[in-house]
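Each residue of the sequence shown is one higher than the last, beginning at 0 in numbering that gives the first Met the number 0. To start, the structure under review is shown below, and the notes come after it.
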Amino acid sequence: MKQYDVIVIGGGHAGCEAALAPARMGLQTLMVTGSIEMIAHMPCNPSIGGPAKGIVVREIDALGGEMGRNTDKTNIQMKMLNLSKGPAVWSLRAQADKVEYPQSMQETILNQANLSVLEGMVEEIIVVDNEVHGIRLETGDEISGKTVVLTTGTYLKSQILVGHTATDSGPSGQRASMGLSDNLRKLGLSLFRLKTGTPARVATSSIDYTKTTIQPGDDIPRTFSFDTPIDQAKDPKEQLPCYLTYTAPETHTIINGNLGESAMYSGMVEGTGPRYCPSIEDKLVRFADKERHQIFLEPESKHTPEVYVQGFSTSMPHDVQEKMLRSLPGLENCEIIRYAYAIEYDAIVPTQLWPTLETKKISGLFSAGQMNGTSGYEEAAGQGLLAGMNAALKVKGEEPLVLRRDEAYIGVLIDDLVTKGTDEPYRLLTSRAEYRLLLRHDNADLRLRPHGIRTGLIDAQRSSAFSMKVAMIEMELARLKTLRITPKRVINEHLQTIPTTPIRDGISLYELLKRPEVEYRHIMPLIPIPTHLSPEVIEQVEVQIKYEGYITKAMRQAERVKDLESKRIPKTIDYESVPNLANEARQKLSEIRPLTIGQASRISGVNPADISILMIYLKSSNK
0 MKQYDVIVIG GGHAGCEAAL APARMGLQTL MVTGSIEMIA HMPCNPSIGG PAKGIVVREI
60 DALGGEMGRN TDKTNIQMKM LNLSKGPAVW SLRAQADKVE YPQSMQETIL NQANLSVLEG
120 MVEEIIVVDN EVHGIRLETG DEISGKTVVL TTGTYLKSQI LVGHTATDSG PSGQRASMGL
180 SDNLRKLGLS LFRLKTGTPA RVATSSIDYT KTTIQPGDDI PRTFSFDTPI DQAKDPKEQL
240 PCYLTYTAPE THTIINGNLG ESAMYSGMVE GTGPRYCPSI EDKLVRFADK ERHQIFLEPE
300 SKHTPEVYVQ GFSTSMPHDV QEKMLRSLPG LENCEIIRYA YAIEYDAIVP TQLWPTLETK
360 KISGLFSAGQ MNGTSGYEEA AGQGLLAGMN AALKVKGEEP LVLRRDEAYI GVLIDDLVTK
420 GTDEPYRLLT SRAEYRLLLR HDNADLRLRP HGIRTGLIDA QRSSAFSMKV AMIEMELARL
480 KTLRITPKRV INEHLQTIPT TPIRDGISLY ELLKRPEVEY RHIMPLIPIP THLSPEVIEQ
540 VEVQIKYEGY ITKAMRQAER VKDLESKRIP KTIDYESVPN LANEARQKLS EIRPLTIGQA
600 SRISGVNPAD ISILMIYLKS SNK
């Protein structure tokens, strides 16, 4: 029987990254999926990115993951959000092609060296003495593995809910995994039920777009990946637009009159739904004072005539859905291709995981993606990448990779899950990141590419290009500090054309660039010997100069917290032996088992006094 270094269960967005990472790190990897044709399938909105999520995609790419590169190849629209605000909230969003995205990812997976793909259903994780030894399929076949990564998404004991009907099924009518949940419980892991859903799809030709507002993409090329040359980016002229409409008074009347028909409100739903992506009936109940709600009509592919009705998720019966949809301006005569549904599934309680995403109870068993209680393709892919990397590093006997909260949105995501847990589908938001000025779209490679290089996910060519970029940024920042201008008439006349205030004394170009209205292109005529810099280097130079004060302040705050993160807590500590701890703190610390004082300080129910007591105890124990 062949033994694999890493076995990945599931072929969704978490599974793709979890399988590619160890294979690219030179380890024999196996992906087991219910259907090869469904690898990287997009059962909900075929979009990638958006607020916070777009930065996660950049971080995945910086570390050596695939999602960003695949989106660059297969998108049908690209748009940078929040450009009118500061760089901390800039975020790229793509409308992916629902047909091309999975096809392209499948091609990557199936052609990856060291990676095998097997179609099958896993019934059991083989565990001996709390250590993973492999998996058992429903056929009875056993496959040996040193580590296993669970990425089953929304397939564990999943049920499709429409009206008063519940059907055992995974997303898009795929077969659910019915046996693995029971096996995980027998292994001592706690599971809980969650719910999510997806809106209806309607025929493009049946929509009256004259009653909607067009939402075009950006008119300049954009890419997620740091490694996609801008001349290989999709031509903005080939983009497909989205459209905006709103709910009408009639829509609200239909929904409110049929709440009892919704699976959400009929008592059928056991799990908790996503707070930040609620069903349309939930929106009307929670925001009863709002006269209307935005509905975006988003094309799913150049190859299919389907439009995704964003913001209109529901679990109403089909006849009610028809009335609801045809009450929307522009959709009065719409043809429904796929009806909306809710889906309920088992998820693992994420506080049972270490920050590496390895389970605390079973050595070598990792978990990633929606089964950890998150929502969204991007959060899933980020976790999958880290789980796959850490599974590989464990096999290699190397130090695991744990990203700090000041280092990556992926770090914020994982820390929130394993430290605080969640009782609803978790969504990453910029407001969850206290160091968001450091965790920007533009600097993801500066923050994380060194980790990708260390672990072997970034090859020599990309590593060399990154080193060159870092050197160019540092050289230009230093050069602009040395280049000074004086209040000559020709210089002040140029400044007035920007326009910006003329200077009265000598000033460095570095200081001049700090002015909000002055851009790098404005100072180029003032540079004696211009250097040909890439747009990425220029952007980085501008951001670092203009926001220097804010960035420095955020870095100082992060440095203070780093001290707490460096104070390690032994995994074997007995919190019952720590005197004077509050009972709640003792219980929470014993459950979460934080690895550092910093992580312990973020646990709900553990107060500063408890942290002080714990630090004194650890100090005396070390002595």
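C-beta atoms are modelled at their ideal positions from N, C-alpha and C, and glycine is treated no differently.
Strand pairing of residue i, partner residues [DSSP]
i    : result
P298 : V306
D115 : Strictly speaking, residue 115 in this sequence is Ser, with Asp absent from that position. For S115, which the question treats as bridged, DSSP gives the partners L29.
G48  : R92
S176 : L155
F365 : V148 and E357
G133 : I125 and S143
Q76  : Q94
T164 : V161
Y434 : In the DSSP output, where bridge partners are listed per residue, Y434 has none listed.
D217 : Paired residues: none, contrary to the question.
A346 : F191
Q293 : Y245
Y425 : T373
Chain-order list of residues whose beta-carbon lies under 6 Å from that of residue i (same chain, five-residue window excluded)
i    : result
E475 : V540
N621 : none
G365 : It should be noted that the sequence gives Phe, not Gly, for residue 365. Result list for F365: V148, L356, E357, A386 and A390, in chain order.
H132 : I125
S168 : I159 and A175
T73  : A95, D96, E99, Y100 and S103
A39  : C15, P101 and M104
S507 : K480 and R483
F311 : P198, I279 and I294
Alpha helix (DSSP H) segment containing residue i, residue limits
i    : result
M651 : Given that the chain is displayed from residue 0 to residue 622, the structure contains no residue 651 and the question cannot be resolved.
A589 : Per the sequence shown, residue 589 should be read as Ser rather than Ala. Element bounds for S589: N582 to I591.
V540 : P534 to K545
E249 : P248 to N255
Y574 : Note, Y574: premise wrong, no alpha helix (DSSP H); not H, not E.
D181 : L179 to K185
V417 : No alpha helix (DSSP H) contains V417, which DSSP labels as neither H nor E.
I596 : I596 to S600
I472 : A459 to T481
F619 : Reading off the sequence shown, one finds Ser at residue 619, where the question assumed Phe. Counting along the chain, the alpha helix (DSSP H) containing S619 begins and ends at P607 to N621.
Run of the beta strand (DSSP E) containing residue i, from where it starts to where it stops
i    : result
C241 : C241 to Y245
Y338 : Here Y338 belongs to no beta strand (DSSP E), and DSSP marks it neither H nor E.
V148 : E141 to L149
R192 : L190 to T197
Y3   : Q2 to I8
A202 : R200 to A202
T212 : T212 to Q214
Cβ shell of residue i (< 7 Å), same chain only, five flanking positions each side left out
i    : result
Q173 : G33, S34 and M37
P235 : G216, D217, D218, I219 and P220
S466 : none
T355 : N389, P399 and V401
R592 : K359 and K570
E58  : G381, A407, Y408, I409, A443 and L447
L155 : S176, L179, S180, Y344, D345 and M370
Contacts around residue i, its chain only, beta-carbon distance under 8 Å, and the 5 residues preceding and following it disregarded
i    : result
I253 : V319, K322, M323 and S326
S600 : L563, P607 and I610
S603 : K419 and K587
G505 : R483, I484, T485 and P486
Burial state of residue i, where buried means 16 or more other Cβ atoms lie within 10 Å
i    : result
H521 : buried
N330 : A small correction: the amino acid at residue 330 is Leu; Asn does not occupy that position in the sequence shown. That one is buried.
R291 : exposed
H302 : exposed
G396 : exposed
K78  : buried
M263 : buried
E280 : buried
N332 : exposed
A477 : exposed
K552 : exposed
R453 : exposed
M109 : Looking at the sequence provided, one finds Leu at residue 109 rather than Met. Answer is exposed; the Cβ neighbour count stays below 16.
I54  : buried
M523 : exposed
D60  : buried
A459 : exposed
Cβ pair count under 8 Å reaching 3, the segment 84-94 against the segment 47-67: They touch, by the three-pair rule.
Stretch pair the segment 23-32 + the segment 101-118: three plus CB contacts closer than 8 Å: Contact between the segment 23-32 and the segment 101-118 is present: 3 or more CB-CB pairs across the two stretches fall below 8 Å.
At least three beta-carbon pairs within less than 8 Å, the segment 409-420 to the segment 522-540: Contact between the segment 409-420 and the segment 522-540 is absent: fewer than 3 CB-CB pairs across the two stretches fall below 8 Å.
Stretch-stretch touch, CB-based, cutoff 8 Å, three pairs: the segment 10-27 with the segment 144-156: Yes, they touch.
Touch test, the segment 407-415 against the segment 424-439, Cβ-Cβ under 8 Å, three pairs minimum: Contact between the segment 407-415 and the segment 424-439 is present, because at least three Cβ pairs lie under 8 Å.
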